[in-house]
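Here's the structure, in structure tokens; my notes come after.
Residue numbers (this note's numbering): 49 to 122.
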């Protein structure tokens, strides 16, 4: 398993592919992508700036790839 980062290309392996993960980038002006490892699962996520109907800004969390058990990669 290889977890890398800051290539500006988020990556989560397909089934049967080499176990290469990339968290993407944290320098885009309106969003960042990342990898969360929690409770034995790994997830590719994106946080980005959104605005609601009255124009107020807030941070939204979006799951890009559903969580998978880390154990399934070993």
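Glycine residues also receive a C-beta, built at the ideal position from the N, C-alpha and C atoms.
Just so we're clear, the structure is a prediction, and the values are computed from it rather than from any experiment.
Name the DSSP beta bridge partners of residue i, please?
| i | result |
| --- | --- |
| residue 108 | 96 |
| residue 91 | 84 |
From the DSSP output, in three-state form, read off residue i for me.
| i | result |
| --- | --- |
| residue 60 | coil |
| residue 121 | helix |
| residue 75 | coil |
| residue 66 | coil |
Looking only at C-alpha atoms, which of the options sits nearest to residue i?
| i | options | result |
| --- | --- | --- |
| residue 53 | 119, 86 and 92 | 92 |
| residue 86 | 96, 116, 57 and 95 | 116 |
| residue 114 | 56, 57 and 62 | 62 |
Label residue i either buried or exposed according to how many other C-beta atoms from any shown protein chain fall within 10 Å of its C-beta, with 16 as the threshold for buried.
| i | result |
| --- | --- |
| residue 123 | Because residue 123 is not part of the residues shown, which for the chain are 49 to 122, the question remains open. |
| residue 66 | exposed |
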